[in-house]
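Student:
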Amino acid sequence: MNRNNILIHLALAVVLILIAAFAGQLNRWRTQWKSHVRIIPAAEKKRATTSTDIALAESRLKGQAEILVKFKPGVSQAAIDALTSRFNDRVEDRIENAPGWESIDDQDDIDPNLAVAQYLAQPEVEYAEPNYAIELDAVEAALPPIHPSDPRFEDQWALANSGQRGGKQGADISAMHAWLTTTGSDKVVVAVLDSGVDYTHEDLAPNMWKRPASIAPYQDDQLGTIEDEDGFNAIDNAGDPMDENGHGTHCAGIIGAEGGNNVGITGVNWKVRIMPLKFMNAGGFGTTKDAIEAINYVIDRKKAGVNVRIISASWGGTQRSRALQDVIQKAYENDILFVAAAGNSTVNNDRSPHYPSSYPNVLSVAALDRHDQLAKFSNYGVKSVAVAAPGVDILSTWLGNSYEEKSGTSMATPVVSGIAALIVAENPRISVDQLKKRLLASTDPIVALKGKTATGGRVNAAKALQ
Amino acid sequence: MSLSKEDAVEKARKDLAQRLNVDAGAIKESVEDTDFPDMALGAAEDDEMSGQMITSGWRIRLDANGKNYEYRADKNQVRLYKYKGKNYRI
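Those protein sequences? They're chains A and B, same order as listed.
Position one of the first sequence corresponds to residue 541 (our numbering), numbered consecutively onward.
Position one of the second sequence corresponds to residue 1168 (our numbering), numbered consecutively onward.
1) If you count every other CB in all the chains shown that lies within 10 Å of the CB of I548 (chain A), and 16 or more means buried, which is it?
2) Within the 8 Å Cβ cut-off, does G1218 (chain B) reach chain A?
3) Please go through the segment 816 to 841 of chain A and give each complete beta strand (DSSP E) segment of 3 or more residues, from N-terminal end onward.
4) What residue ranges within the segment 899 to 984 of chain A form continuous alpha helix (DSSP H) runs of no fewer than 4 residues, ordered along the chain?
5) Have a look at D649 (chain A) and F627 (chain A) and give me their C-alpha separation to the nearest angstrom.
6) May I ask which residues mark the beginning and end of the alpha helix (DSSP H) holding N628 (chain A)?
7) Between D1213 (chain B) and chain A, is there a C-beta pair that is closer than 8 Å?
8) Under 8 Å Cβ-Cβ, which residues of chain B neighbour H787 (chain A)?
9) Note down, in chain order, all residues in the segment 806 to 835 of chain A with a beta-carbon under 7 Å from any beta-carbon belonging to chain B.
10) Using DSSP with H/G/I as helix, E/B as strand and the rest coil, what is Y1255 (chain B)?
11) Let me check understanding here. Comparing Cα to Cα, which of A:A718, A:I713, A:Q709 lies closest to P684 (chain A)?
12) DSSP on D1230 (chain B), reduced to helix/strand/coil?
13) If we define contact as Cβ-Cβ less than 8 Å, is A881 (chain A) a contact residue for chain B?
14) Can you look up D593 (chain A) in the DSSP assignment and give me helix, strand or coil?
15) I'd like to confirm the pairing. Which residues does DSSP put opposite V730 (chain A) in its beta bridges?
16) Between I851 (chain A) and N836 (chain A), what straight-line distance do the alpha-carbon atoms span, to the nearest angstrom?
17) Give me the Cβ distance between F693 (chain A) and I805 (chain A), rounded to the nearest whole Å; I'm assuming they're in contact under 8 Å.
18) Please confirm whether N1254 (chain B) has its beta-carbon closer than 8 Å to some beta-carbon of chain A.
19) Could you confirm whether any beta carbon from chain A is found closer than 8 Å to the beta carbon of Q1244 (chain B)?
20) Once you ignore the five residues that flank V922 (chain A) on each side, which residues in its own chain have a CB closer than 7 Å to its CB?
21) R849 (chain A) and V732 (chain A): beta carbons closer than 8 Å?
22) Which residues does DSSP pair with G764 (chain A) in a beta bridge?
23) Taking only three categories from DSSP, how would you classify Y872 (chain A)?
24) So for A711 (chain A), helix, strand or coil by DSSP?
25) With a 10 Å radius around its C-beta and 16 neighbouring C-beta atoms as the bar for buried, classify T886 (chain A) as buried or exposed.
26) To the nearest angstrom, report how far apart V999 (chain A) and Q658 (chain A) are at their CA atoms.
27) For the segment 847 to 859 of chain A, list every residue whose C-beta sits within 8 Å of some C-beta in chain B, in sequence order.
28) By DSSP, does K843 (chain A) sit in helix, in strand, or in coil?
29) DSSP beta-bridge partners for L670 (chain A)?
30) If you follow the alpha helix (DSSP H) that Y659 (chain A) is in, where does it begin and where does it stop?
31) Quick one: does S942 (chain A) have its CB under 8 Å from some CB of chain B?
32) In its own chain, which residues sit with a C-beta less than 7 Å from the C-beta of L1005 (chain A), not counting the 5 before and 5 after it?
33) I'd like to know whether the C-beta of S936 (chain A) is nearer than 8 Å to at least one C-beta of chain B.
34) Please list, in chain order, all residues of the same chain as H894 (chain A) whose beta carbon is under 7 Å from its beta carbon, the five residues on each side excluded.
35) Quick one: is G948 (chain A) near chain B, going by C-beta distance under 8 Å?
36) Using the C-alpha atoms, what's the distance from G823 (chain A) back to P896 (chain A)?
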């Protein structure tokens, strides 16, 4: 073999070794990919318990940056910026509560798997994975979400948070995906136990409950016969529940302002039946006795054949009442879910109870702002507050065909009541226990709620309907 | 009837003058706009339930006989906050 042949064979051997090495590296990348990349199913996401797990789960929400990269400890921000710049990428966000993790926006829009491989090959990188959208099953996620025609829908961040007014994109209840399953049903009745409802409001009137002719007027041993065509007024023991304050009208709109009607806003339910109950006066306050009367009315109507499955109670106080607790228990035994506001005093209800939200068999609701933070006013309690829902700057119906933005756990409560109504629309025979469990099991974990509520999560309508 | 800030202050001064049996003119006042945690202005009476909505109103601080008293008001109501340990709707 002459010198030239030796050189040629050596060159071929080097090329073969390089090919083998490259193939080996590819295989390692593939192995790393298989072991590191997890598409977290909803059930697993629910089990996320650490702040890091929750932060990562949150960061995978739809519409956010494309890959998540964890850099090794000690890698400077300048080095990170240099690396991302080299790949023509951009650091979209540093994930708080998950040290070292960066959310990377791939500006070339290459296959996320290739982008992940690029980063995994870098010595500064400990871990990388695509940013999967994971809340919905593939079929549902592939469908375009339903966008209602209501002109002020864009202001309803609780239903669809696109980051409007500086909010956090995706910090919402996933209503547009929930509506792929159902937009509600006029067979489901939600009692709004409040200051009454302006049942003439143009965005509410089509969804107001009317006592069917087949059901007799309300009879009470002490009050006599009450013509309750439009609901019940426990202050005057009469049949007219017209709202003189606005609070009840606001809550009613959150649950069920008519959707897709080219008017104002949409409720969580486009179609539903709102049963207005008035026990708070023009000032927005009332007595425990009148609240009890109104709950008794709901139970009576349920027994008479009205499909009232939820009582939405955006009110409360610190005075305990055994009578109120007992009547709420009675409602529960009649398959009616009682949803109540946790309160607005920034206190821990585990230590300082708030009623009725702290009674057994009540689903207590805290408030979130548009950044997925617990509202600064919201009560909380890992034992006594079940879930959280959007409750700051919530646009809804008000007196005189108007609309206003209001804040409070009052506003978070009807969001949950509304989701409960969607669940019942889709599952008419669901028991109150199952309904409550469904709501608790379908929340999105939120860092700010860890140790603050029993579920540590924000309610998610789309998940609740899966 | 919708109360103005001035109406609310006047109502509070009159109430305190009657409670303490002093001349309303001798009561000093300071008023600030504020948000209250609920529709009973964070000053619910016993057995009272209120809407859990943040409510804009006025904190009225009155000074009489060398002591301070707090009233809370909005367009719907005036309340005396923790007077001898209890809240009162005026």
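C-beta: ideal position from N, C-alpha, C; glycine also.
Tutor: On the basis of the coordinates in this document:
1) exposed
2) yes
3) 825 to 827
4) 949 to 966, 972 to 981
5) 11 Å
6) No alpha helix (DSSP H) contains N628 (chain A), which DSSP labels as neither H nor E.
7) yes
8) M1206, G1218, M1220
9) M820, A822, G823, G824, F825, G826, T827, T828, A831
10) strand
11) A:A718
12) strand
13) yes
14) Residue placement at D593 (chain A) cannot be trusted, given a pLDDT of 42 that sits under 50; what the coordinates show is reported in the next sentence. D593 (chain A): helix per DSSP, three-state reduction.
15) A:I814, A:I850
16) 11 Å
17) 7 Å
18) no
19) yes
20) D890, G991, K992, T993, A994
21) no
22) A:D760
23) helix
24) coil
25) exposed
26) 37 Å
27) S854, W855, G856, G857, T858, Q859
28) helix
29) Per the sequence shown, residue 670 (chain A) should be read as Pro rather than Leu. The partner list for P670 (chain A) (beta bridge, DSSP) reads A:I607.
30) 652 to 660
31) no
32) A718, T721, T722, L962, I963, E966
33) no
34) G856, T858, A882, G883, N919
35) yes
36) 20 Å
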